[in-house]
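Mapping to full-length UniProt numbering: the sequence shown position 82 is 82, numbers consecutive.
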Amino acid sequence: MIDRRNHHLFQPLLYQVATASLATSEIAWPIRHLLRKRREIATFLASVEGIDTEGRHVLLDDGATVPYDTLVLATGARHAYFGHDDWEPFAPGLKTLEDATTVRRRILLAFERAERETDPQRRGALLTFVIIGAGPTGVELAGTIAELARTTLKGDFRSIDTRESRVVLIEAGPRVLAAFTEDLSAYARRSLERLGVEVALGQPVTACSAEGVVYGGKTLPAATIIWAAGV
Ligand SMILES: Cc1cc2nc3c(=O)[nH]c(=O)nc-3n(C[C@H](O)[C@H](O)[C@H](O)COP(=O)(O)OP(=O)(O)OC[C@H]3O[C@@H](n4cnc5c(N)ncnc54)[C@H](O)[C@@H]3O)c2cc1C
């Protein structure tokens, strides 16, 4: 088993690390430890940089080679910005533990900065959380950020009321959770709206910057933007 990370990651719960409900150690375990009872498996921490199919070995980043009879490649996926890679610094995605802690830091720092911001417009932008893409990742994130703002953090601040935060879920397609049936999409949308999430459908984001996002011809100032628009 060769992996460039020392841990196996349970990606379905990344959104809970990103919203401070779980610690990183609750969703990631050392691969070596998970496989400790399988004496026939050796675990190497290394990045595979190439494959020599003629010679039947993989090439590691430190120059070493590992021979094989049968090779299984299972390197996973990474989110895509569909031609807008320059948006990544403003709108991080959620695939790795580092992504989750980056998102967590941005969300929590936005509340901290809002607490000390005296300009109402700047404060409004700090308390606006935009999630781009209403697939499972975007829907889970939007719902949990709304719960964080309305329930978990309620009463922890003095100058701001975290319940006044805006959580805006922007989706280019006509409904949330497009892979599910229409009645389930409608149910999910109603549930999100009950939590206080603003759901904007049929409006692709056309610009993303440190100031916020542009969608449907409107500019929405927002300090925290999260990318959940696909892989
Ligand atoms: C936020 C989020 C929520 C999700 N929620 C759900 C859910 O609720 N239900 C569900 O069924 N699925 C969910 N998924 C999808 C599910 O987690 C993935 O389908 C699953 O993790 C894919 O497993 P994998 O082994 O193919 O890839 P990964 O889990 O991505 O594993 C790939 C591994 O390859 C390693 N690697 C990559 N390149 C190299 C290299 N060159 N050299 C060495 N190692 C390398 C990586 O370090 C990684 O450990 C979710 C995913 C995300 C991101």
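We treat Cβ as the ideally placed atom computed from N, Cα and C, and that holds for glycine.
- The three-state secondary structure of residue 54, taken from DSSP, is coil.
- In the same chain as residue 133, and ignoring 5 residues on each side of it, the C-beta atoms closer than 6 Å to its own belong to 228 and 229, in chain order.
- The beta-carbon separation of residue 160 and residue 127, rounded to 7 Å, stays under the 8 Å limit for a contact.
- Scanning its chain for C-beta atoms nearer than 6 Å, with the 5 sequence neighbours on each side dropped, one finds around residue 220 the residues 212 and 213, in chain order.
- In terms of side-chain proximity, the C-beta atom of residue 4 is found nearer than 7 Å to a non-hydrogen atom of ligand 1.
- Rounded to the nearest angstrom, the gap between the Cα atoms of residue 164 and residue 17 is 23 Å.
- Apart from sequence neighbours up to five positions away, the residues of its chain that approach residue 110 with a beta-carbon distance below 8 Å are 126, 127, 129, 223 and 224, ordered along the chain.
- Within the model, the alpha-carbon separation for residue 59 versus residue 29 is close to 25 Å.
- Counting C-beta atoms within 10 angstroms of its own C-beta, residue 69 has fewer than 16 neighbours from the protein chains shown and is therefore classed as exposed.
- Residue environment: residue 156 is assigned as exposed (fewer than 16 neighbouring CB atoms within 10 Å of its CB, all protein chains considered).
- In terms of Cα proximity to residue 191, the closest of 105, 78 and 142 is 142.
- The beta carbon of residue 41 is closer than 8 Å to those of 1 and 35 in its chain, skipping five residues each way along the sequence.
- About 13 Å separates the beta carbon of residue 99 from that of residue 89, a gap too long to meet the 8 Å contact definition.
- Residue state for residue 100 is assigned as helix, using DSSP reduced to three classes.
- At least one heavy atom of ligand 1 lies less than 7 Å from the C-beta of residue 48.
- Boundaries cannot be given for residue 181, as no beta strand (DSSP E) includes it and DSSP labels it neither H nor E.
- In terms of CA proximity to residue 102, 14 leads the group 77, 14 and 200.
- Look at residue 77: its beta carbon is less than 7 Å from one of the heavy atoms in ligand 1.
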